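A.B. asks: If you read the sequences in order, they're chains A and B. Under full-length UniProt numbering, the first residue of the first sequence carries the number 1, and numbering increases by one thereafter. Under full-length UniProt numbering, the first residue of the second sequence carries the number 1, and numbering increases by one thereafter. A single structure is presented below for examination.
2 protein chains.
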Amino acid sequence: MRSLYHHPLCPFSRKVRLVLAEKKLEFDEHVERPWECRPEFAALNPAAEVPVLVEEGGTALADSTAICEYLDEAFREPPLLPAEPMARAEVRRLVGWFDAKFHHEVTRGLLGEKVIKRLSQSRAEPDSRAIRAAFSAIHEHLDYIGWLTERHSFLAGSSLSMADIAAAAQLSCIDYIGDVPWDRHHGAKDWYARVKSRPSFRALLADHLPGVPPPRHYADLDF
Amino acid sequence: MRSLYHHPLCPFSRKVRLVLAEKKLEFDEHVERPWECRPEFAALNPAAEVPVLVEEGGTALADSTAICEYLDEAFREPPLLPAEPMARAEVRRLVGWFDAKFHHEVTRGLLGEKVIKRLSQSRAEPDSRAIRAAFSAIHEHLDYIGWLTERHSFLAGSSLSMADIAAAAQLSCIDYIGDVPWDRHHGAKDWYARVKSRPSFRALLADHLPGVPPPRHYADLDF
Ligand SMILES: N[C@@H](CCC(=O)N[C@@H](CS)C(=O)NCC(=O)O)C(=O)O
Ligand SMILES: N[C@@H](CCC(=O)N[C@@H](CS)C(=O)NCC(=O)O)C(=O)O
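Put into structure tokens, the structure is as follows:
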């Protein structure tokens with residue numbers, strides 16, 4: 001059986017979980033706390049980061065983008081990248097936007113400072129300047145999602161793609177800690193409601209981390 | 001004619017320049033200082049980051065990984081990703097390693113603190129703790145390159161791939177400021193000599209930024 005090493009509050013792990021679920025691929029789950037640096041885990045991925053997918057046959061794949069591209073190549077239905085090279089480039093541009101820019105400007109400042117530092121028993125205090133900067137940066141990103149979805153139901157067209165998955169993976173982590181200002185961003189909220197109601201989202205909405213309960217609206221499809 | 005907006009000391013721009021050169025694709029160059037946030041440039045890429053490739057026909061592509069994947073799909077020779085999905089995943093894992101981990105742990109701390117802050121007239125002083133951390137982290141990465149190339153000439157096999165290009169793009173930026181401790185890492189040095197001597201590297205070795213001259217060994221194939 002295929003296995004996934006992941007952490008419920010890791011957006012890159014959520015990206016892979018969503019792709020596996022969209023493709024209806026079964027897998028065993030192992031929740032990994034990467035900050036513990038278990039030697040057995042570092043043997044699977046020298047970067048010692050989640051996610052890691054161990055395929056049937058035993059090959060360990062690391063890096064969420066490498067894993068998602070692999071899954072889209074090896075398991076074609078439903079395709080999560082379009083067929084035409086320039087259209088694929090646009091989806092991948094948006095994946096890069098959410099994996100790098102959104103993660104750097106928003107996710108690290110909110111989830112990283114407020115929750116992961118505590119969970120990993122880091123000695124550093126949460127950095128209140130980084131938290132404020134992230135609360136301020138999230139608006140521009142939600143506006144961008146609203147702008148992109150004025151023309152289509154999904155970020156890069158009329159069907160779900162890797163871009164929606166990358167964006168929803170980041171946002172769902174921040175929603176887990178109640179920090180997405182949905183009420184000020186109706187376009188983004190409508191898009192998220194569409195993504196959140198997909199069967200592939202169910203496992204994410206059932207996540208419940210001991211000591212870090214999600215707010216009530218987190219699993220509510222009508223938030 | 002295809003045009004590339006890039007900056008000589010941006011490793012992600014160098015990745016795209018190397019791919020264009022390996023595929024023997026001609027392009028016009030525009031050196032862009034992204035920190036100036038020119039509105040015309042932000043109109044091409046809402047992230048306001050280099051590199052941006054404007055294809056014949058006028059479509060602007062952004063995000064170096066999206067651009068490199070596009071170029072490998074649209075222009076097949078020479079292929080920079082292998083044919084088999086798991087082998088492709090291994091190349092992409094290494095691309096992620098150098099684009100994210102190496103950039104975060106090394107490039108930002110050396111190039112970002114020592115040079116880009118000055119060029120962009122940032123008011124912040126170079127952070128000496130970040131510089132020291134980067135000087136210490138680079139050894140582990142050079143050892144990793146040495147270890148990977150014990151079995152093959154290139155990082156992911158016997159021919160050049162996107163993994164070598166991503167790694168050489170980062171390292172060549174740091175070499176431009178003379179900060180790679182080659183003498184302590186013979187395996188990595190041998191690999192870099194092989195990559196550096198390719199015709200695709202010539203344009204990078206001719207880079208010369210006003211006010212930031214490279215050290216003498218930078219362009220030397222026998223460094
Ligand atoms: N580029 C990697 C990044 C993965 C990543 O940053 N994972 C984090 C958790 S979200 C991690 O494992 N960090 C190591 C740690 O916390 O010690 C990917 O896309 O898979
Ligand atoms: N994920 C992007 C990252 C590109 C990036 O970070 N570019 C930097 C220069 S190396 C930039 O333009 N930064 C904006 C600035 O300096 O204002 C890519 O791979 O293309």
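All C-beta atoms, glycine included, are put in the ideal place defined by N, C-alpha and C. Model, not experiment: these values are computed from the prediction.
Curious, which full-length alpha helix (DSSP H) runs of at least 4 residues does the UniProt domain "GST C-terminal" (84 to 221) of chain A contain?
C.D. replies: Those alpha helix (DSSP H) runs which fall completely within the UniProt domain "GST C-terminal" (84 to 221) of chain A and span 4+ residues are 85 to 96, 128 to 148, 162 to 176, 186 to 196, 202 to 205.
A.B. asks: Distance, Cα to Cα, glutamate 49(A) vs glycine 109(A)?
C.D. replies: Here the question's residue 49(A) lines up with position 49 in the first sequence. Here the question's residue 109(A) lines up with position 109 in the first sequence. Cα to Cα, glutamate 49(A) sits roughly 19 Å from glycine 109(A).
A.B. asks: Please report the Cβ distance between glutamate 29(B) and leucine 4(B), rounded to the nearest whole angstrom; I am assuming they are in contact, meaning their Cβ atoms lie under 8 Å.
C.D. replies: Counting from one through the second sequence, the residue named residue 29(B) turns up at place 29. Counting from one through the second sequence, the residue named residue 4(B) turns up at place 4. Correct: roughly 6 Å between the Cβ atoms.
A.B. asks: Excluding the five sequence neighbours on either side, which residues of its own chain have a C-beta within less than 7 Å of the C-beta of leucine 81(A), listed in chain order?
C.D. replies: The sequence position of residue 81(A) within the first sequence is 81, counting from 1. If we look at leucine 81(A) and ignore the five residues flanking it on each side, its Cβ neighbours are Asp72, Arg88, Val91, Ser161, Met162.
A.B. asks: Enumerate in chain order the residues of its own chain whose CB-to-CB distance from alanine 156(B) is below 7 Å, with the five nearest sequence positions on each side excluded.
C.D. replies: In the second sequence, counting from the first residue as 1, residue 156(B) sits at position 156. Correct list, in chain order: Glu90, Val91, Leu94, Ala163.
A.B. asks: With DSSP as the reference, please indicate the residues paired to serine 3(A) in a beta bridge.
C.D. replies: Counting from 1 along the first sequence, the entry for residue 3(A) is found at position 3. Answer is Asp28(A), Val54(A), bridged to serine 3(A).
A.B. asks: Does leucine 61(A) get closer than 8 Å to chain B when you measure Cβ to Cβ?
C.D. replies: Along the first sequence, read from residue 1 onward, the residue named residue 61(A) stands at position 61. It does: the Cβ of leucine 61(A) has a partner Cβ on chain B nearer than 8 Å.
A.B. asks: Put leucine 81(A) into one of helix, strand or coil per three-state DSSP.
C.D. replies: The residue given as residue 81(A) occupies position 81 in the first sequence. Leucine 81(A) falls in the coil class under three-state DSSP.
A.B. asks: Around the C-beta of glutamate 31(B), are 16 or more other C-beta atoms found within 10 angstroms, so that it is buried, or is it exposed?
C.D. replies: To locate residue 31(B), count along the second sequence from 1; it is residue 31. Checking the displayed sequence, the identity of residue 31(B) turns out to be valine instead of glutamate. That one is exposed.
A.B. asks: Let me confirm a value: tryptophan 191(B) is counted as buried when at least 16 other C-beta atoms fall within 10 Å, else exposed. Which label applies?
C.D. replies: The residue you call residue 191(B) lines up with position 191 of the second sequence. It counts as buried.
A.B. asks: State the Cα-Cα distance for the pair histidine 6(A) and serine 64(B), rounded to the nearest angstrom.
C.D. replies: Taking the first sequence and counting its residues from 1, the one referred to as residue 6(A) is at position 6. Taking the second sequence and counting its residues from 1, the one referred to as residue 64(B) is at position 64. The alpha-carbon atoms of histidine 6(A) and serine 64(B) are separated by roughly 27 Å.
A.B. asks: Measuring only the C-alpha atoms, how far is isoleucine 145(A) from aspartate 127(A)?
C.D. replies: On the first sequence, position 145 is the one that residue 145(A) refers to. On the first sequence, position 127 is the one that residue 127(A) refers to. Going from the Cα of isoleucine 145(A) to the Cα of aspartate 127(A) covers about 27 Å.
A.B. asks: Go ahead and label serine 172(B) buried or exposed: buried means 16 or more other beta carbons lie within 10 angstroms of its beta carbon, across all protein chains shown.
C.D. replies: On the second sequence, position 172 is the one that residue 172(B) refers to. Looking at its Cβ environment, which holds 16 or more other Cβ atoms inside 10 Å, serine 172(B) is buried.
A.B. asks: Which residues neighbour ligand 2 when neighbourhood means a C-beta less than 5 Å away from any of its non-hydrogen atoms? List them by chain order.
C.D. replies: Answer in sequence order: Gly96(A), Ala100(A), Cys10(B), Phe12(B), Pro34(B), Trp35(B), Glu49(B), Val50(B), Asp63(B), Ser64(B).
A.B. asks: Is the beta carbon of histidine 217(B) within less than 7 Å of some heavy atom of ligand 1?
C.D. replies: For this step, residue 217(B) is matched to residue 217 along the second sequence. Outside the cutoff, so no.
A.B. asks: Excluding the 5 residues preceding and the 5 following histidine 103(A) in the sequence, name in chain order all residues of the same chain whose CB lies nearer than 7 Å to its CB.
C.D. replies: For the purposes of this step, residue 103(A) is identified with residue 103 of the first sequence, where counting begins at 1. The answer, listed in chain order, is Pro11, Gln170.
A.B. asks: Going by CA-CA distance only, name the one from Pro34(B), Arg17(B), Asp207(B), Arg184(B) that's closest to isoleucine 138(B).
C.D. replies: Walking along the second sequence from the start, residue 138(B) turns up at place 138. Among Pro34(B), Arg17(B), Asp207(B), Arg184(B), the Cα nearest to that of isoleucine 138(B) belongs to Arg184(B).
A.B. asks: Check the Cβ of tyrosine 70(A) against every Cβ in chain B and list those closer than 9 Å, keeping chain order.
C.D. replies: On the first sequence, position 70 is the one that residue 70(A) refers to. What tyrosine 70(A) touches in chain B: Pro85, Met86, Arg88, Ala89, Arg92.
A.B. asks: Give me the chain B residues within the contact set of glycine 96(A), using Cβ-Cβ distance strictly less than 7 Å, ordered along the chain.
C.D. replies: In the first sequence, counting from the first residue as 1, residue 96(A) sits at position 96. In chain order: Asp63, Thr65, Ala66.
A.B. asks: Please tell me whether, using a cut-off of 7 Å, the distance from the CB of histidine 7(A) to the nearest non-hydrogen atom of ligand 1 is below it.
C.D. replies: Looking up residue 7(A) in the first sequence gives position 7. For ligand 1, at least one heavy atom lies less than 7 Å from the Cβ of histidine 7(A).
A.B. asks: Looking at valine 19(A) and isoleucine 165(A), is the spacing between their C-beta atoms short of 8 Å?
C.D. replies: To locate residue 165(A), count along the first sequence from 1; it is residue 165. To locate residue 19(A), count along the first sequence from 1; it is residue 19. Taking 8 Å as the Cβ cut-off, isoleucine 165(A) and valine 19(A) qualify as a contacting pair.
A.B. asks: Starting from leucine 61(A) and walking both ways along the beta strand (DSSP E), at which residues does that stretch end?
C.D. replies: Here residue 61(A) refers to the residue found at position 61 of the first sequence. Element bounds for leucine 61(A): 60 to 62.
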